[in-house]
Structures are given as structure tokens and as C-alpha cells.
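One structure is given below, encoded as C-alpha cells.
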Amino acid sequence: MVHLTNTLNRFGYIHGPHRIYKRMQVFRFTWHYYGRHRRCYKLAVQRLHKAWLHATRNRKMKGLLYKEIWQTRIDAACKEHGIKYFEFTESLTRQNIHLNHAVLNDLAIYEPRTFKSLCNVAKQHIVNTGLYNLTLEEPEGVFNRSMFTDELKQ
Amino acid sequence: MLKIAKNSLKLSANSCLNPIRQISLSSALNLKRIEKTEDKTTNTITIEGKYIDPKETFGTGVLDLTGQCYQDTDEAVRPCAFCELEKRDIKVQYTDVLVLRQFLTENGQILPRKVSGLCKKQQKKLIVLTKQAKHAGLILNLQPTLLDGTKPSADHSKRFKYLKWNTYFDDYETMKRNKKFL
Amino acid sequence: MAFNRVKQWTTFARVWYLFDAKWQDPIISGRVLSKYLLGKNKPIYSVGSDCGDYVVVINSKEIALKDDLWRTYNYFHHTGYAKGATYTPAWEYHENDPTRIIKNCTKNALPPKIYRNSLLSRLLVFPDDKVPKDVIKNITDQIQPSMTPPKRLTEFSEDEIQNFPRLFEWPKEFIIDDLKGENNQTVKII
Amino acid sequence: MLQQWHEKFKIRSCSQNVPTQLPESLKLEIQTIQSIYKEKVDENFRMGFYEKFIKDGAKGFSLRGGPFAKWRYPANKVIYRKRLVAGPEPERPRSVWSNWNYDSEIYAFAKRLNENFKEGLLRQAFIDPSYAVSEKSKLQDIGLEFDISQNNAVLAKEGENICKNYIRALLNFWYPKLPTQGVEAVVEFLTNSQSMAYISKNIGIMDLVKTQEFPVQNETLRSTLFAVIAALSQSESPIRAHLFINDFVVTQLVGKDINEIWRIENPMGLLCDELKKSGNKALPKARLIWSTGANTPTSAFVVGLYLDEKFLSKGYGETAEIAEEMAARDALRRLFGTAEENAPLPYGEKARKFSEMINSIYEKFKNSNI
């Protein structure tokens, strides 16, 4: 068997940057993958492209996921004040109070009293316009925390 | 539980303005029972129909549910109780035990229409409601006496296998819409 | 920051709820209880953080199933061996263990994830009112029942029955005995 | 073989707190290893690519090619290993570098702070007493004179007074109900050596100060900052100094909670005294508002304090005792006006509006203290 590469290569030697730099660009992204996908270029580059594929798809999904989480949180906060999520958001939009879900979510978590007043606004609107038939009063035989806590009225 | 006494009976839409008596005051002594009394001395048995005062057996006076429209026709057409209630949007359900009780005999049999005065449609509803109530075990003291003369126990936990546990039903209208009957 | 530490501790503390399952449909209440176990009743809910609560269910013996489910609904189990399939009707299943039906319903309502069992361990079900003392001490709040329990005729007092207005008037001159059935019993209306 | 050497330096090479002056023993050890390092290469020991590279040098490779040339990658690896062996740079004062001109730095310092100092005062503020002593002995050998009094001891004391009194005035204005004990705690927090050193390091005092020891201790940094403040108030006007303090020293309170800085040992006792002082006889009664999971390890209690049936404050905690204590702290917080709902201290433009009032209060404090 004749090794031709050395002879042919003498004249056609490719000058240029070291091959490692191109590969380091990939390893920058795959340092935390598992096993050889972290070290070996051939595997790493495949896994990386797949990851980027997921990233582009998830970039669109991210908005939906956040909307979903915000909905559950706002729903939970509304239920504490005796109104459902759908009625709450519907009556807010009808009253031209354009607070989006992100803001409502923050209010629900960090500003409980502001959120409570927002719920009251929504309830009042629903009662006035007869949008839904709200069961506002507590069913008898059920007592909960709010009946005990004496908020500071100042 | 039906709250008839509590919610005020609104004037039915088509009636004119003169007030309707809510509860008839004088109790019409029109129900009779055959009494058989033996008299040893004169060795005679007298059988006679005696009037019963409905109050001590059936409770307070009758709700005057007659709408205005019946007044002008001369022969007394008895109002259908359930229809009148529906006009005042009170829908009777199987849990309204005190209402159902009035339409049942002590053995749990349903009174015929000529006694209760219900129209055909409501009588069918009544049949379904009583079945549901019996199945749910709400009216266990209205049961026919057994052959050996004893009355079956009114305790729901002694009932037959699957009847022992609680059951509930949707209201009659949704079940009819979904075409589900017991 | 002692204030913040303590405030955070309380916001993330597990709240103990009491649920009276008397006359409640286990399927519907299962969905409600799963919300509380997941922590979806709190505005601070997030999927990753385990902010679920404890639920103590009492009177699980007196749950109510719809229509004729006690007889028709079957719980399937297969031992894996030949002819190992068994179908136990709901009433028998309930008789064996009154707490299992409501546990099964909440399990079905929870997402089929790895943490489901740990959530279910926070669901304490008691067939009747007798709850151990230290559990009662933990309970702080109550979950609102969705169905109001109906009253049986035997539970009504005598005068309540009497005071209830009558709906129809007997026909005139009607002899009550005409109501006799074919087999000649005397029909007494109470 | 190499692995063993690398192990020896692993702790040293990547740990942050590298001792600036290498101890004698370690220095000696490095020389020996470097010498062995060289011998190994001379014995033409097949050590892998970079050893051959050191022996032959860049021979056989054209030094052409930009930053990504073929020979540069192995070269970088070699340089990296040498740095590991040699260890990090020792710390040295800024003035050691050639591009250091003290006069221009002093001028730049004043301009950076947008203040106009008197030249002499500012220079004096930067001379530490320890430096004056050592300088004197040095110059005496050559025969020159150096007067000791040129140090910043006097200035520092005066600066400290100004700073502390101003902060007391500020706090008195914004938190009138806060007792003196609390005010003292906050003043101590703001003017302790740790925070003052942090400020002076960031203004660039550490490089300018003339001291004998290196690295400069927090104490000296603190005293020089006070001296600078005093120099400012003397060269311009006390009000400028106040604004300087407000902008640099007091801003360390941003994000901090006064109730945390002032650690109260016995909150319930203090609360009872405060209430007695303010006149109502009744003692606050603690009531359990609600508790969850009382028997579980993750238990939470909410205790409310009520003053003759009127809600006073609410506290949370793992146990009832902790909750009660926190309720007492919460009550104190509300009494002193440092509660959650109170606005934080204003700074910058907003604070300027209130500077006259605060200065008037400052006068009161100045006379009382001296």
C-alpha cells in the first residue's frame, strides 16, 4: 500500500487557522451536555443543532407558557376574593382597564390589597351590568381565614 | 329544599290587578272516610261516611295557586299544582321531600291524577321524581308494609347492597334534556 | 432580614384544609382537591416549586355517586396472571375501604407525573368524623363543598311537616277508601 | 509526573485569596521545580507536544499568521501552563507603575467629585500620621526637615464629628419617632470601618493616601475619608460637605432595612416601655390569629397584638413564640415609622429640597455634642 498523502500534500499544503478554533465555537455551547456529546465535535455539533431547533420553537411557546402560568395565578388570586378568572378579566376589559396578565400576576403576588380592590371593581361592574350571576355571599357553614384576621385599618 | 314559604309569590304575568288570597281560610270539609261502628247492646253495625278534617292529617291550609284566568270559567277547574309553581319559576326536584310526600300515600304509592289534580305532563314528572327520591333513600318511611305486617326499617344503612350508599341526581330538566331516566 | 425570612416562611407554609365529603360527588371533589394538592389555589403557584397543601377529608363514607353508579361503575384490576381480571362494583369497592374511592378520583385528577404520589401522601382521608387529635390541630381552613346535602323525610320534625302548606285540594265529597288497591288493603294517608 | 506537580499547585493556582507576598518556603520550592522543569526538557524526555515546543522553540513554524495561526494554539497552551506554575501577580501599590503623577492625581480626585478643594488642605488630608513619622526619619538622614504636624489626624476627628452629627440630623428629620438608641445604631453602621473603606476604595482614596503600610487597612481609609470631608467643609462650606455625606455615605442605606441594622434584643419589653411612655396603661395582649400545620415541622403561626381590643400589629413565625416576637417587632416598626409601607429615604434631587431644614437640625446637634 502506497501512502500518497504526504507526497501530494507537500505542494498543496493548506495554510490557515488551526482547526481547533472552529470546534471551540461549538464546544462553547455544549460544555454542559452529557458524555461524549460534550467533548467530541461530531456528536456535539449534531446535538447543538437540535438544541437550537428546540430553542427557536420554544421561543414562540415561551409566551404561551407564561400566559398559562399567569392565568392559573390570577385565577387563584381571584378565587380568594370570590370571583372567577373569566368573569374578572372579562369585566376588566369591558371597563377599559387594560392591565395585561403580566401586571395582574405581579399585583396578585406582591400587591395583595391592590388586587383585592381590583376584584371589588370587577364584582361591582358585574353586579351593575348583570354580566354574570355572581354567588357573592359565602355559603353558610364555611368559615375561613378572612373572617378572623383584623387588618390594620390605617 | 324548596323554600315556598320564604320567596314571595309574584303576581303571575297575565293576571289583572285585584289581590289573590294566599291561603284559603275556611277548610272545606269535603273528605269522607267510611266508619264501621259495632253496637253490642243494640246488636247493630252502623257504616257511615264521616267527614275528616284535612288539617289534622295533611297539615295547614291549601295554597291558593289558582291563577286569575280560572276565575271567570264557571265550573271549578282545579289548578295543576306543579304547573302553577313553574309559572312562578319554582321547579320541583326529587330533594323537595315535603312536596312529594303530599302526592304519596303512606305506602309510598303515587296518588292518582283525579285526586292530586296534576296534568298529564306533571304527573309523569312526579313519577320520575318519586323514583329518584326512593332510590336516593330520601323517603324511606313511605314504604309498603311487608307480608308479615312489619314495616321495612327507615334506616338507609340497612338497605340492600348498592342502595346503602348516598346517590344524587341532576335536576329533572337537565336529565330530560340529556334523555336520561331512571 | 428577619422580617423577610419569616414572611417567606409563611407564604410558602403548607396550609391544612378540611373537606367534608358528605353528599359530595367524589369525581367533582377529586378535581377540586387536586387543585389544592398542587397548590393552584395560591397566587405564588409555579410548576416547579412544590407549594401544594395538605387536605384532610372526613365523612368519606357518605360520599354520593350519581344516578346508578354504585351498581354499574366497576373498578378493574388484573393480577397479570391468566384470568386475573376482576371487576369490583363501586358499592363493594366502597364497602371494602370507604376511603379509596375519593383517593382514586383525586389521583385521576392529578397530572400523571412522578410527584403525584408525594402529593397524594398529603391527602388524608377518614371514613367518618373521628380524626386523630394532632391532625385536627393542624387544620386551619375549609374547602367549600359544592353540593348542599338533601334532607331525608325522617330527618324532618313533625311540626315542620305539618306547617308545610298543601299544594292541592281534595276533590269534593271524595271517599278516601275508594283508593283501596285491588288486594283490598286499607290505604291510610298520614 | 506532570500530574503530581499540577496537584501541588492546584490549591494555590485557582484559589482567590492568594497571599500577596509569597512565603519564603514556597518561593524556594518554585525555583527548584522550575529548575527540574528545565532539566527534564534537556534530557529530551518524550513529554508531549509542548515540551518539544519549548526545546525547539518556534523553529519549523513560520511565525506568520494572525491570532488564529496554526502554531498559536499550542503556544497558548504552553503559556497557560507557565502561568499556572508561576502563580498570580503579587499585589502592589498603584504608585509603583511608571505612569503615576501624584499632583495630577490629586487634581483629578477633586474634579472627579465635582468639588473644588483647597490644594494644601486636600494634600494634608491624604497624609497619614504613620507616614509622617516614617517620612521624618527618612528625610533626617539626608538632613532635610519635615514637620510632623502636616498629617490628617486633626482633620479626621473633625470630619468624623461633622459626618456623625449630620447623619443624626438627617435621621431625626426623616424618622422623628425613632429613639436615640436606633439613631446611634444606624450612625455606627454607616460610619464603621467596613462601609467607609468600601466608599473610599471606590472614590480612589486608597491609591492617593500616603501611608507606611501596604495594603492599606480599613481604619486608615476611614480616617482619610473623614479628613477629606473635613477638608471639603473647610475649603468650601459645611453645606457642601453635608451634600457630599448625603450622596456618598448615607446612600449605603439603600436597600437596607433600619429594623435590621438596629437589632433589638427584647422587643416586647421595649414595646411596653414605649406604650407606657406614650400614656396608655394597658399592656398589649397577644392572640393567635391562625396557625397551620401546628404539629408538623413546617408549621406557621400568625400572632396578632391587640391593645385593649384594638389591632396593633401582626407577626408570623414557625412557632408561636417567634410569631409573638415578630409581632412585637412589627408593632415597634409601626410605632417608629420605619414600617414596610413607609417610603424609603430620598436621595439626589429630592433630598436637596430638604437640606436647609436638615442643616438647621444639624446646628442643634453640633452644639449639643461638642
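Protein chains in written order, with UniProt numbering: chain Z, 1 to 154; chain C, 1 to 182; chain E, 1 to 190; chain X, 1 to 370.
From the three backbone atoms N, C-alpha and C, an ideal C-beta is built for every residue, glycine too.
None of these values were measured; they are calculated from a predicted model.
- Bounds of the alpha helix (DSSP H) holding X/E260 are I258 to I261.
- Taking a Cβ-Cβ cut-off of 8 angstroms, the neighbours of Z/Y21 in chain X comprise F68 and Y73, given in sequence order.
- Counting only the Cα atoms, E/S34 lies some 9 angstroms from E/L119.
- Residues of the same chain with a CB within less than 6 angstroms of the CB of C/E48, apart from the 5 flanking positions on each side, are E35 in chain order.
- Residue contact with chain E for Z/R73: present (Cβ-Cβ distance below 7 angstroms to some residue of chain E).
- Annotated three-state conformation of X/L171 is helix, per DSSP.
- The residue from X/K277, X/S237 and X/A197 with its alpha-carbon nearest to that of X/L221 is X/A197.
- Residues of the region 287-315 of chain X with a C-beta atom less than 8 angstroms from some C-beta of chain E are W290, S291, T292, G293, A294, N295, T296, T298, S299, A300, V302 and G315, listed in chain order.
- DSSP places E/H77 in the uninterrupted beta strand (DSSP E) bounded by N74 to H78.
- With respect to chain E, the C-beta atom of Z/I109 has a partner C-beta closer than 7 angstroms.
- Boundaries of the beta strand (DSSP E) harbouring C/I45: T44 to I52, taken from the DSSP string.
- In terms of beta-carbon proximity, X/G159 stays away from the interface with chain E, with every pair separated by 7 angstroms or more.
- For C/I34, the enclosing beta strand (DSSP E) stretches over residues L31 to D39.
- Assignment of E/K172 by DSSP, reduced to helix, strand and coil, places it in the coil class.
- In this structure, the CA atom of X/L305 is about 57 angstroms from the CA atom of X/K118.
- For Z/A76, the nearest CB of chain E lies under 7 angstroms from its own CB, placing it at the interface with that chain.
- Closer than 7 angstroms to the CB of E/K40 there is at least one CB belonging to chain Z.
- Within chain X, not a single residue places a beta-carbon under 9 angstroms from that of Z/H81; the smallest gap is close to 18 angstroms.
- With a contact defined as Cβ atoms closer than 8 angstroms, E/I143 and E/Y54 miss out at about 11 angstroms.
- Straight across, the Cα-Cα distance linking C/G149 with E/L110 is about 52 angstroms.
- At a C-beta separation below 9 angstroms, E/D159 has no neighbours in chain X, since its nearest C-beta there lies roughly 41 angstroms away.
- With a cutoff of 7 angstroms on beta-carbon distance, E/A2 and X/T298 are scored as not near each other.
- A Cβ-Cβ separation of about 7 angstroms places E/T10 in contact with X/V302 under the 8 angstroms criterion.
- Following the DSSP letters along the chain, one finds X/P74 inside the alpha helix (DSSP H) bounded by residues R72 to A86.
- Closest by C-alpha distance to X/L155, out of X/I239, X/N192, X/F126 and X/E188, is X/F126.
- Following the DSSP letters along the chain, one finds X/A110 inside the alpha helix (DSSP H) bounded by residues Y102 to R112.
- From the listed residues X/S313, X/V133 and X/M206, the smallest Cα separation to X/E145 is found for X/V133.
- Taking each of X/M206, X/Q234 and X/G143 in turn and checking the Cα distance to X/D128, the smallest one comes out for X/M206.
- Excluding five sequence positions before and after X/K314, the CB atoms of its chain that fall closer than 8 angstroms to its own CB belong to I289, V302, V303, G304, L305, A327 and D330, given in chain order.
- Neighbours of X/M326 in chain E, taken as residues whose beta carbon is under 8 angstroms from its own, are A2, F3 and V6 in chain order.
- DSSP, read as helix, strand or coil, puts Z/Q46 in helix.
- In the three-state scheme derived from DSSP, where H, G and I count as helix and E and B as strand, Z/F115 is classed as helix.
- Setting aside the 5 residues that flank it on each side, E/Y115 is surrounded in the same chain by D50, each with a C-beta closer than 8 angstroms to its C-beta; the list follows chain order.
- For a Cβ distance threshold of 9 angstroms, residue set V6, W9 and T10 of chain E lies close to X/G317, ordered along the chain.
- Taking 9 angstroms as the upper bound on Cβ-Cβ separation, chain E lies near residues R333 and E340 of the region 331-349 of chain X.
- Residues of the region 254-288 of chain X with a C-beta atom less than 8 angstroms from some C-beta of chain E are D257, N259 and E260, listed in chain order.
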